[in-house]
Structure formats: C-alpha cells, structure tokens
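Q:
Next up, the structure:
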C-alpha cells in the first residue's frame, strides 16, 4: 500500500514537471516570435488603437511624417543645445 501511494505522488510530480517544461517552452517561443515580428506587431497594435480612438492610421502616419519633416528641416547649433528638450 505504501508503494502504491509513493507511485501516485511520483506521477503527480512528474506531471507537474512536464507541465512546467511545456509552459517554459511556450514562453520562450512567444518571446522569440515577438522579437522576430515585434515591429510588425507593434505597428498593427498601434493601427488598431488609432482606429478604436476614432482616427485612422493613415491620418496618424501623415501627421507623424509631417512632424518629422518639419523637425528635420530645422537647423540646430550649440546655441540652442539645451533649449529644445522635450
């Protein structure tokens, strides 16, 4: 009877160990997929958030492009080094 009891607890521990290994493998796979497709996923989530917020991703992209273009056209020198932080 004692042997059967030990066997049952051993199987339960083995099942938990296998479960932990599978969860760890799934986590590693999810992290690697996110690293590989991270920019795409981030862009899709941003587009989805823009659509839910009432705007469109094209409008937000156009606004961001215009802002980047105007900021890129500005000339900077050392006289305004610490003034344009933000």
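Residue numbers (the working numbering): 18 to 103.
Glycine is no exception: its CB is placed at the ideal position from the N, C-alpha and C atoms.
Alpha carbon to alpha carbon, how far is residue 42 from residue 76?
A: Residue numbering aside, residue 42 sits at position 25 when the chain shown is read from its first letter. Residue numbering aside, residue 76 sits at position 59 when the chain shown is read from its first letter. Roughly 40 Å separates the two Cα atoms.
Q: Taking C-beta to C-beta, are residue 51 and residue 40 nearer than 8 Å?
A: Translated into positions along the chain shown, residue 51 becomes position 34. Translated into positions along the chain shown, residue 40 becomes position 23. Contact: no.
Q: When DSSP labels each residue in this structure, what does residue 35 get in the three-state scheme?
A: Here residue 35 is taken as the residue at index 18 of the chain shown, counted from 1. Three-state DSSP puts residue 35 in a helix.
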